[in-house]
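Residue numbers 205 to 571, in this note's numbering, belong to the letters of the sequence shown in order.
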Amino acid sequence: MSSFNKRFQDYLAERKRHRTRLVTKDGRCNVEYGNIKYTNHFAFLADFWTTFVEIRWRFVLFFFTASFTLSWFIFGLLWYCIARNNGDLTWQNPLPDHTPCVDNVSGLTTAFLYSLETQTTIGYGGRALTPLCPGAVALLIIQSLLGAVINCFMCGVILYKISLPKKRAKTITFSDMAVISPKNGSLCLSIRVANLRKTLMIGSQIYGKLLRTTTTPEGETIIMNQVNIDFMVDAGKDTLFFVCPLTLYHIIDKTSPFFEMAVDTVHKQQFELVVFLDGTAESTSSTCQVRTSYIPQEIMWGYNFLPIISRSKEGKYRVDFSNFSKVVPVATAHCAYCYHNIKGHHLHSIDGHNNHGFEVIDIDSPH
205 MSSFNKRFQD YLAERKRHRT RLVTKDGRCN VEYGNIKYTN HFAFLADFWT TFVEIRWRFV
265 LFFFTASFTL SWFIFGLLWY CIARNNGDLT WQNPLPDHTP CVDNVSGLTT AFLYSLETQT
325 TIGYGGRALT PLCPGAVALL IIQSLLGAVI NCFMCGVILY KISLPKKRAK TITFSDMAVI
385 SPKNGSLCLS IRVANLRKTL MIGSQIYGKL LRTTTTPEGE TIIMNQVNID FMVDAGKDTL
445 FFVCPLTLYH IIDKTSPFFE MAVDTVHKQQ FELVVFLDGT AESTSSTCQV RTSYIPQEIM
505 WGYNFLPIIS RSKEGKYRVD FSNFSKVVPV ATAHCAYCYH NIKGHHLHSI DGHNNHGFEV
565 IDIDSPH
């Protein structure tokens, strides 16, 4: 029972963290819109293409089925009316030498079947249009054109939804935790990001926003006040060479909002760090944005990521994703102010961390 209670408490805590997030770990925005004017709903109908692209798959499949089925039935009723006006139906007892508008259309069911065969261009051969009725010829042209429009629109929506850039974003992942530790003579907040596909993300850029509730000197409370957070790699922050997993870091200096935090206060803060990665997929040339977020409970002070990249004897670079989110403790100052102003308060760890998943290769020293 104690194990069950622990799992239940962890589940409730996770649900609470999920509700308080603005951006979930998989990048969805947790925002609810209310009290929208009724007239504004017509704007969604005016931009019907974007509406169809953004709605869920279940509704797309429903509209796909309904649009074809309804059009077949409506035109079936029109073919039934034409046959009735011409006296082609069975209950009208047509004469033996009677020439129908459409051969073998003698009831509502056969009219529906002829409508389906016309719009889908099946043409089984049992039912065919005769040149006797000009209205039937006009209806055939209208249904063929309208059926082509419906077919192009619905197929276009489905193909576009399949190729949406956010599907490409599913193969880009962030580390579960962010860490704070010394790096290159500075105290840094670091995260990891990896591209699971071998195709590159061209022109990738990463940046962050710190969201928190603040109160202005005038007494105004600002919910979700946004502060820019700059991330960089060792080569700079302009463009990422996203060929392998990268560790991105934010320098905690006097201009950083993390400067006033400490190891014993960071988890008591109320903020959310949202991280964005923008780039262009090399294979499709479509731009996409990947998002994730970190709350105070997901920031580990005094830890560093395990190494995941090594080189084998064959000269190939290997990535061990089992260590992607694993961390190890390192000697770190308990606050950013102490790191920059109090000498001897902290120690740098100069010991490396072995990655036992890879083979060790010998490098010959030059003579």
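Using N, Cα and C, we set each Cβ at its ideal position, and we do this for glycine too. These figures come from a predicted structure and were not determined experimentally.
Provide the residue span of the alpha helix (DSSP H) that contains residue i, from first to last.
i, result
"F316", "312–323"
"G339", "338–366"
"Y328", "Neither: Y328 is in no alpha helix (DSSP H) and is coded neither H nor E."
"C542", "540–545"
"P369", "369–373"
Kindly indicate which three-state DSSP category residue i falls into: helix, strand or coil?
i, result
"T294", "helix"
"R262", "helix"
"K472", "helix"
"P304", "coil"
"G483", "strand"
"I456", "coil"
"R288", "helix"
"S207", "helix"
"N527", "helix"
"F446", "coil"
"A270", "helix"
"S553", "For S553, the predicted model reports a pLDDT of 42, less than 50, meaning its position is unreliable and no value from the coordinates is stated."
"L249", "helix"
"L477", "strand"
"V534", "coil"
"I499", "coil"
"I512", "coil"
"V437", "strand"
"T228", "coil"
Would you mind working out which of the options sits nearest residue i, comparing C-alpha positions?
i, options, result
"D434", "S487, M405, T469, D457", "D457"
"G412", "I455, T420, K371", "I455"
"L316", "L274, A342, N290, A352", "One detail in the question is off: residue 316 reads as Phe in this sequence, not Leu. When each option's Cα is compared against that of F316, the closest is L274."
"A340", "D380, S514, R288, V447", "R288"
"Q430", "L414, F263, G330", "L414"
"Y406", "C492, S514, T314", "Here residue 406 is Ile; the residue named in the question, Tyr, does not match the sequence. It is C492 whose Cα lies nearest to the Cα of I406."
"V494", "T377, L349, F268", "T377"
"M436", "I427, L404, I426, I395", "I395"
"T228", "Y498, V523, G351", "Y498"
"N297", "L400, S310, N545, I286", "S310"
"P386", "F252, S526, N508, N234", "N508"
"T403", "S207, G327, S490, E236", "S490"
"A485", "F462, R401, R416", "R401"
"G483", "S526, R372, T459", "R372"
"C355", "T314, S319, R416, S271", "Sequence inspection shows Asn at residue 355; the Cys mentioned does not correspond to that position. Nearest of T314, S319, R416, S271 to N355, Cα basis: S271."
"A382", "T496, Y318, F357", "T496"
"P461", "E236, W295, N432, S529", "N432"
"G330", "E464, I286, Y318", "Y318"
"T294", "T313, Y328, Y453", "T313"
"I427", "E464, A250, T459, F475", "F475"
"R527", "S379, L444, E422, R225", "Checking the displayed sequence, the identity of residue 527 turns out to be Asn instead of Arg. Answer by Cα proximity: S379."
Tell me the rounded alpha-carbon separation between residue i and residue j.
i, j, result
"T254", "A332", "39 Å"
"K370", "E518", "36 Å"
"A535", "T418", "32 Å"
"I162", "K520", "No answer is possible for residue 162: the residues shown for the chain start at 205 and end at 571."
"F572", "E258", "The chain is shown only over 205 to 571; residue 572 falls outside these bounds and no answer can be derived."
"Y541", "W261", "51 Å"
"T420", "L391", "29 Å"
"L336", "D307", "11 Å"
"I345", "S367", "33 Å"
"Y284", "L363", "35 Å"
"H549", "P533", "Bear in mind that a pLDDT of 47 at H549, under 50, signals an unreliable position, so the number given afterwards is only what the model happens to contain. C-alpha separation (whole angstroms): 17 Å."
"L265", "F256", "11 Å"
"H538", "A398", "29 Å"
"L349", "G360", "16 Å"
"E321", "R522", "57 Å"
"L299", "C305", "14 Å"
"G327", "L282", "18 Å"
Hey, quick one: how far does the beta strand (DSSP E) through residue i stretch, first residue to last?
i, result
"A398", "390–399"
"L414", "405–419"
"A466", "Premise fails: A466 is in no beta strand (DSSP E) and is neither H nor E."
"F378", "376–378"
"Y237", "Counting along the chain, Y237 falls outside any beta strand (DSSP E), and DSSP gives it neither H nor E."
"F509", "507–509"
Inset, instruction - Indicate whether the contact test is met: 3 or more Cβ pairs, each with one atom in the segment 398–412 and one in the segment 471–485, closer than 8 Å. - result: yes
Legend entry - the segment 466–477 touching the segment 497–505, judged by at least three CB pairs closer than 8 Å: yes
Inset, instruction - Report yes or no: do three or more beta-carbon pairs, one from the segment 446–454 and one from the segment 506–515, lie closer than 8 Å? - result: yes
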